[in-house]
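Below: one structure, written as structure tokens.
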Amino acid sequence: MARSLTILGATGSIGRSTAEVVLAHRDEFHVEAVVGGSNVQALADKAKSLGARFAALADEGANAELKDALAGTGIGCGAGRSAVLEAVDRPSDIVLAAISGTAGLEPTHAALKPGRRIALANKESLVCAGTAFMADARRRGVEVVPVDSEHNALDHALTAGHNRNVEKAVITASGGPFRTWPRERIAAAGAREASAHPIWSMGSKINIDSATLMNKGLELIEAHHLFGLEAERLDVLVHPEAIIHGLVQWTDGALTAGLALPDMKVPIANAMRGAERIPMNLPRLDLAAIGRLTFERADELRFPCLALARAALKAGGAAPTILNAANEIAVEAYMAGHIGFYAISEIVEEVCSSFSGTGNAPATVAEALAVDGEARDRARRLVPGKRL
Ligand code: NAD
Ligand code: MG
256 MARSLTILGA TGSIGRSTAE VVLAHRDEFH VEAVVGGSNV QALADKAKSL
306 GARFAALADE GANAELKDAL AGTGIGCGAG RSAVLEAVDR PSDIVLAAIS
356 GTAGLEPTHA ALKPGRRIAL ANKESLVCAG TAFMADARRR GVEVVPVDSE
406 HNALDHALTA GHNRNVEKAV ITASGGPFRT WPRERIAAAG AREASAHPIW
456 SMGSKINIDS ATLMNKGLEL IEAHHLFGLE AERLDVLVHP EAIIHGLVQW
506 TDGALTAGLA LPDMKVPIAN AMRGAERIPM NLPRLDLAAI GRLTFERADE
556 LRFPCLALAR AALKAGGAAP TILNAANEIA VEAYMAGHIG FYAISEIVEE
606 VCSSFSGTGN APATVAEALA VDGEARDRAR RLVPGKRL
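Just so you know, this note's numbering puts the end of the sequence shown at 643, numbered straight through with nothing missing.
So this is what it looks like as structure tokens:
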């Protein structure tokens, strides 16, 4: 029987890949609702091509335009926060949560309804409010399945044994566009160069996070909440071919790895459907043709964001919330050309150390958002010239 699906962030990179999976398997899914940020035409097109029943745009001012774009289609629509929450509230078996940044937290958290499956791409929900988010998911009987390729691979690898027998869970990093660059060259690089990811085609914010390796740091925190593994049992390995996505090293020395060609449609399909895998008509991994896979240690001197994220994970409490908020502001400032590459890590570090003690982990999403707001204000004050 077809499952009903709601896509949050339907117009983004993950949203588009999700649409491809759905369109190739029309009999498996019917789309209940699609949610986007501000692009009216892109959302209307997605709603029509997927045959959604409802479309919501976060941008309140776009209501009339969205109504026009969907006139005569029979697709219900709305704009603004309440419309987004209405979309989330409509009955669906699966919610694919792929809004970018902390903006995704409220709708993703609202999507935690009993019996549902959350295919989670929005890693910021876990980084900003992981303790509260996962506790609410457990309490409400919601299955949270990671879409992030590394975590999706780990999710499978971990089924080969008990968590207590995990010595280390390792997520791989392609290394981003600056993997082989010397520090001085990286320091002078602008957002365009930072966005030229060698392997993945992604949204603009995660692209910059991949260049700074903050993305891997956020993913360590994400893994901590998803799998209940502490900082000491989580690690990063640079693997430029991006074929192995996650590795579990067991206490007896054996390893279990998750491999796939780097295509987000693979973990998306898996997160939506689970053990009963969907046949996907994608190129198959030909290891003999690839010949060799290579690995390096991550260089935290050229990529200090990774060290900052590790420190926040170790410190616990609200440290990851603060780190994530400061990073979002710094990345925005970098993309706007207001600051240089290494100012991102400098701003994050200064904001993190401006909080005396990190207290307990925010117990509710509201608490997490309050800390997030304060950290954003502090980060904005550190951006020279412009107030963002
Ligand atoms: P993107 O920028 O391409 O798309 C973001 C989507 O969110 C768009 O549909 C946008 O309209 C929507 N959006 C933005 N602000 C919104 C708001 N306030 N309310 C509602 N919708 C809003 O980003 P992406 O690359 O698709 O990434 C989405 C999420 O998935 C991020 O959390 C990212 O870390 C995670 N992720 C992405 C990839 C990838 O390959 N792109 C891989 C792993 C995890
Ligand atoms: Mg990833």
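The beta-carbon is built from N, C-alpha and C at its ideal position, and this holds for glycine as well.
Validate contact between the region 276 to 286 and the region 356 to 369 using beta carbons, cut 8 Å, 3 pairs:
no
Exposed or buried, R642, counting other C-beta atoms within 10 Å across all chains shown (16 or more means buried)?
Stepping through the sequence shown from its first residue, residue 642 is reached at position 387. Here R642 scores only 49 on pLDDT, less than 50, and its place in the model should not be relied on; the value that follows carries that caveat. That one is exposed.
Run through DSSP, which three-state label would P437 get?
Sequence index remark: in the sequence shown, residue 437 carries index 182 (1-based). Residue state, collapsed to three classes: coil.
So, at 7 Å on beta carbons, what are the nonlocal neighbours of E405 in its own chain, with the 5 sequence-adjacent residues on each side left out?
Residue numbering aside, residue 405 sits at position 150 when the sequence shown is read from its first letter. Answer for E405: I426, T427, E474, H500, G501, listed in chain order.
Sequence-ordered residues whose beta carbon comes within less than 6 Å of a heavy atom of the ligand MG:
D403, S404, E405, E474
Per-residue DSSP class, three states only, for V286:
Position 31 of the sequence shown holds residue 286. Three-state DSSP puts V286 in a strand.
Return yes when the Cβ of L561 is within less than 9 Å of the Cβ of V606, no when it is not.
Against the sequence shown, residue 606 aligns to sequence position 351. Against the sequence shown, residue 561 aligns to sequence position 306. Not closer than 9 Å, so no.
A392 versus K378: straight-line alpha-carbon distance, rounded:
Counted from its first residue, the sequence shown places residue 392 at position 137. Counted from its first residue, the sequence shown places residue 378 at position 123. Approximately 15 Å between the Cα atoms of the pair.
Return the residue from the list A574, G396, A449, S456 that minimises the CA-CA distance to G472.
Reading the sequence shown from its first residue, position 217 is the one you call residue 472. With distances taken between Cα atoms, G472 lies closest to A574.
Would you say the region 257 to 276 touches the region 289 to 296, given that touching needs at least three Cβ pairs under 8 Å?
yes
Quick check: the Cα distance between S337 and R308, rounded to an integer number of angstroms?
Looking up residue 337 in the sequence shown gives position 82. Looking up residue 308 in the sequence shown gives position 53. The alpha-carbon atoms of S337 and R308 are separated by roughly 17 Å.
Hey, how far is the Cα of N579 from the Cα of D464?
Mapped onto the sequence shown, residue 579 falls at position 324. Mapped onto the sequence shown, residue 464 falls at position 209. Roughly 11 Å separates the two Cα atoms.
Are the region 384 to 404 and the region 614 to 626 touching by the rule of at least three beta carbon pairs closer than 8 Å?
yes
What are the start and end residues of the alpha helix (DSSP H) that includes F596?
By one-based count along the sequence shown, residue 596 stands at place 341. Start and end: 596 to 609.
Determine the extent of the alpha helix (DSSP H) in which A580 is found, giving its start and end residues.
Sequence index remark: in the sequence shown, residue 580 carries index 325 (1-based). Its alpha helix (DSSP H) spans residues 574 to 590.
Can you give the beta carbon distance from A297 to N318, rounded, assuming they're within the 8 Å contact cut?
As a working note, residue 297 is residue 42 in the sequence shown. As a working note, residue 318 is residue 63 in the sequence shown. Going by Cβ atoms, the distance from A297 to N318 rounds to 16 Å, so no, they are not a contact pair.
P437 versus G612 - alpha carbon distance:
As a working note, residue 437 is residue 182 in the sequence shown. As a working note, residue 612 is residue 357 in the sequence shown. If you take the alpha carbons of P437 and G612, they lie about 35 Å apart.
Along the chain, where does the alpha helix (DSSP H) that runs through H479 open and close?
The residue you call residue 479 lines up with position 224 of the sequence shown. 469 to 482 is the span of the alpha helix (DSSP H), which, as asked, contains H479.
3 or more residues per run - each beta strand (DSSP E) lying fully within the region 366 to 431:
372 to 375, 398 to 401, 421 to 428
Outcome for R631 when other beta-carbon atoms lying within 10 angstroms are tallied against a minimum of 16
Numbered from 1 along the sequence shown, position 376 holds the residue referred to as residue 631. Classification for R631: buried.
Look up R249 in the DSSP assignment and say whether it is helix, strand or coil.
Limits of the chain in this structure are 256 at one end and 643 at the other, which puts residue 249 out of reach.
The ligand NAD and T467: does the residue's C-beta get closer than 8 Å to at least one heavy atom of that ligand?
Within the sequence shown, the letter at position 212 stands for residue 467. Checking the Cβ of T467 against the ligand NAD gives no.
As an exercise, report each continuous beta strand (DSSP E) stretch of at least 3 residues that is fully enclosed by the region 297 to 342, in chain order.
309 to 312, 331 to 334
Counting only the same chain and skipping the five closest in sequence on each side, list residues whose C-beta sits under 6 Å from that of A311.
The sequence position of residue 311 within the sequence shown is 56, counting from 1. Answer for A311: V290, G333, A338, V339, A342, listed in chain order.
Classify A567 as helix, strand or coil using the three-state DSSP reduction.
Walking along the sequence shown from the start, residue 567 turns up at place 312. Reduced to three states, the DSSP call for A567 is helix.
Given the structure, does A526 come close to the ligand NAD, in the sense that its CB is under 8 Å from one of the ligand's heavy atoms?
To locate residue 526, count along the sequence shown from 1; it is residue 271. Result no, Cβ not under 8 Å from the ligand NAD.
First and last residue of the alpha helix (DSSP H) that includes A621?
Position 366 of the sequence shown, counted from the start, is the residue given in the question as residue 621. 620 to 636 is the extent of the alpha helix (DSSP H) around A621.
Compare the Cα-Cα distances from I517 to each of F558, V626, A588, P495 and report the closest residue.
Your numbering for residue 517 matches position 262 in the sequence shown. Ile is not the amino acid found at residue 517; the sequence shown has Pro there. For P517, the nearest C-alpha among the options comes from P495.
According to DSSP, simplified to helix, strand and coil, what is I499?
Here residue 499 is taken as the residue at index 244 of the sequence shown, counted from 1. Here I499 sits in strand by DSSP.
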